[in-house]
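Below: the structure, in structure tokens.
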Amino acid sequence: MLSNTATPKYYKQFRDAVIRGEIPVNRKISLEMNRIDGLIADKRYYFDQNAVEGWIAFCESEMTLVDGSDFFMLDSFKLWGEEIFGWFYFIERSVWNPNGLGQGRGCYEQRKVKQRLVNRQYIITGRGSAKTMYDSCIQFYSLVVDTSTTVQCTTAPTMAQADEVLGPIRTAIARARGPLLKMLTLGSLQNTTGSKKDRQKLAATKKGIQNFITNSLLEIRPMSIDKLQGRRDKVSTVDEWLSGEIRENPINTLGQGASKNTKNNGWIIVATSSEGTVRNGIGDTIKMDLEKILKGEIYDPHTSIWWYQLDNIKEVGMPEMWLKANPNIGKTVTWETYELEKERAENCPADRNDILAKRFGLPMEGYTYFFTYEETKPFRHQDYDGMPCSMGCDLSMGGDFCSFTFMFPLRTGAFGIKTLDFISEYTLSKLPAAMREKYQQFIDEGSLVVLNGTVLDMMDVYDVLDRHIQAHQYDIRSVGYDPYNAREFIARWCSENGEFGVEKVIQGAKTESVPLTELKKLAEQRLLIFDEKLFSYTIGNCIVLEDTNGNKKLYKKAYEAKIDAVAALMDAFVAYKLNKESFE
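When we follow my numbering, the leftmost residue of the sequence shown carries the number 507, and every step to the right adds one.
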């Protein structure tokens, strides 16, 4: 029964184990425990243990794993589900009473209505923690037990990935392990003309999973605002929302649709994912909001947050701390798997960032395909004022990035690197919060200049660049440029500085393959000496496409993943090689 003083059963077991030191927890889980303690102490919120036990009993008697073996609820699932199904509160709401005024006339009356407290849950945990199976448990329980007609959906960066949530449900229907599913799966879908009692009541169809008794449907949807908006899903699951490169917030879209129906007061959105290697996108913006909720800067009792990760990269070498990143180690994934992954991270630098993010929950920046993590680390501050250099230009269309990279040949065989980039004020204002914070770091260090207006004026860019060159007394002896949108800029440069050393570098595999290979070798030996965060960021975004002949060219993986400073570096390097005698 409802109680505003009760302590949730499974949370109490978890909290006692943490206090005894049996389960290590990170700072974020500790903050979530403080929030739950606050709900227990708050007399406005009620807890119902029976609702939680009903969900557990259904799953353990009816659900199966994907391979058809019996399902037993994990302690972590009980802890997460308890926060969704157990908490309630009461609100005053206008309710229609059809006989309120008598004689067949109705009216609206103010009544106290019981509401589910938690309707959004975010779970960020390491790979192999069976979070997709948890999504299946939430979806299947609501589809079968809820007597109202509901629409439910599951989404992920790819449709095949979203279909993983339906896999255990299809197997459970095929096996019909428990008494309820045995009854619901009796009959045949082909019986369309006979008695409905002889027809199957629950089935996996081309639409998804259908409950024919209530006419409810669980279906797969693409992770796109265009495909999700306007829906009235009572239960939604979003899988791997941090792993893919999404530019939109599907969780907010699903929440807005679910809340449109005033009778749909028990809607749930469960967003599960392992940490990703795509930084500064919408995922990081969502995580910034979750941090504020955990810290108490935003009061939101309707959101549950279970954020598993190591507190420090040093804990990667401490197996006793790995439960901080994955609460189900030893149950759904072996300790040996984590040990092998740790060794692979030490021996394979290219895979290091992915392993640290996916296994240990450490958000790593600059997951690279061409340059390894070590090659993207900036050096201490360098000063190249007054030195000869080659300048590369990668000019933009409209208000996008406009990059100038200066390459300084050094006596040691290394090359010093400096960059100056431009962006319009309008483009900056349209960035997500996390990306805007990242760009502010570039502005503060002086490598990014924001110009007023919507579209960059190349003459304004030229004036700022010229003042920058004069201030640092750079001796520019060659210029490499991509001809795209560069005619006006290069014409002025040639009229004021002469045409000597100005080289056109057309982007493509034919011209990029050799300089990219040589720059990679220089980076491997740490002979590209750069100290600016902006260049470190752009070199970390570089992806290279290689054809069957081994020819390489730069590929921008996403609109936000800027590589313009590296493209300008390649132009500068080509111009330097064509004018080496000028640097002797």
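Cβ coordinates follow ideal geometry from the N, Cα and C atoms, glycine included.
Collapsed DSSP secondary structure at residue i in the structure displayed
| i | result |
| --- | --- |
| Tyr987 | strand |
| Glu751 | coil |
| Lys688 | helix |
| Leu623 | coil |
| Arg727 | strand |
| Ala1064 | In this prediction, Ala1064 scores a pLDDT of 48, lower than 50, which makes its location untrustworthy; the coordinate-derived value is nonetheless stated afterwards. Of the three classes helix, strand and coil, the one that applies to Ala1064 here is coil, per DSSP. |
| Gly673 | helix |
| Ser635 | coil |
| Gly574 | coil |
| Asp900 | strand |
| Met1076 | helix |
| Ile525 | helix |
| Leu537 | helix |
| Gly872 | Confidence at Gly872 is low in this model, with a pLDDT of 39, below 50, so the placement of that residue should be treated as unreliable; the coordinate-derived value is given next. The answer is coil: DSSP assigns Gly872 none of H, G, I, E or B. |
| Asp981 | strand |
| Cys895 | strand |
| Leu962 | coil |
| Asn1057 | coil |
| Phe1089 | helix |
| Ser930 | strand |
| Lys1010 | strand |
| Ile1035 | strand |
| Leu1084 | helix |
| Val956 | strand |
| Met569 | coil |
| Val1020 | helix |
| Phe520 | helix |
| Glu1002 | helix |
| Pro663 | coil |
| Tyr531 | A quick correction: the sequence has Val, not Tyr, at residue 531. Coil at Val531, not helix or strand. |
Sheet register partners of residue i (DSSP bridge)
| i | result |
| --- | --- |
| Lys924 | Phe912 |
| Trp1106 | The question about residue 1106 has no answer, for the chain in this structure spans 507 to 1090. |
| Phe553 | Ser509, Trp593 |
| Tyr614 | Trp602 |
| Gln658 | Leu724, Val741 |
| Ser779 | Ile630 |
| Ala709 | Gln716 |
| Glu943 | Answer is none; Glu943 lacks a bridge partner. |
| Val1050 | Leu1060 |
| Ile487 | The question about residue 487 has no answer here: the residues shown for the chain are numbered 507 through 1090. |
Proximity below 8 Å, CB of residue i to CB of residue j
| i | j | result |
| --- | --- | --- |
| Phe866 | Leu816 | yes |
| Arg541 | Gly761 | no |
| Arg737 | Gly714 | no |
| Glu781 | Lys864 | yes |
| Met569 | Pro685 | no |
| Leu1040 | Leu1034 | no |
| Ser1042 | Thr878 | no |
| Phe912 | Lys1068 | no |
| Lys740 | Val657 | yes |
| Ala1081 | Gly802 | no |
| Leu1025 | Phe1079 | yes |
| Thr653 | Asp641 | no |
| Gly592 | Pro514 | yes |
| Thr809 | Thr720 | no |
| Leu687 | Ile679 | yes |
| Lys549 | Asn603 | no |
| Asn755 | Ile804 | no |
| Ser600 | Gln616 | yes |
| Ile644 | Tyr814 | no |
| Val744 | Ile731 | no |
| Trp773 | Glu538 | no |
| Arg983 | Ser896 | yes |
| Tyr690 | Arg705 | Note that residue 690 is Leu in the sequence shown here, rather than Tyr. Not closer than 8 Å, so no. |
C-beta neighbour in chain D for residue i, strict 8 Å
| i | result |
| --- | --- |
| Ala777 | No chain D is part of this structure, which consists of one protein chain only. |
heavy atom of the ligand MG below 7 Å from residue i C-beta
| i | result |
| --- | --- |
| Leu954 | Annotation note on the ligand MG: not contained in the displayed structure, which lists no ligands. |
For a minimum of 4 consecutive residues, which ranges assigned as the alpha helix (DSSP H) are wholly contained in the region 580–612? 581–591
At least three beta-carbon pairs within less than 8 Å, the region 725–732 to the region 644–656: no
Touch check for the region 969–977 and the region 938–949: three-plus C-beta pairs under 8 Å? no
Counting pairs of beta carbons, one from the region 1006–1023 and one from the region 912–931, are three or more of them closer than 8 Å? no
Which runs of the alpha helix (DSSP H), 4 residues or longer, sit entirely within the region 797–853? 841–853
Report yes or no: do the region 617–626 and the region 821–828 share at least 3 C-beta pairs separated by less than 8 Å? no
For the pair the region 583–599 and the region 701–720, tell me if three or more CB-CB distances fall below 8 Å. no
Tell me, please, whether the region 584–594 touches the region 516–536 by the rule of three or more beta-carbon pairs shorter than 8 Å. yes
Report yes or no: do three or more beta-carbon pairs, one from the region 824–837 and one from the region 631–640, lie closer than 8 Å? yes
Is there contact between the region 951–960 and the region 983–1003, where contact requires at least three CB pairs shorter than 8 Å? no
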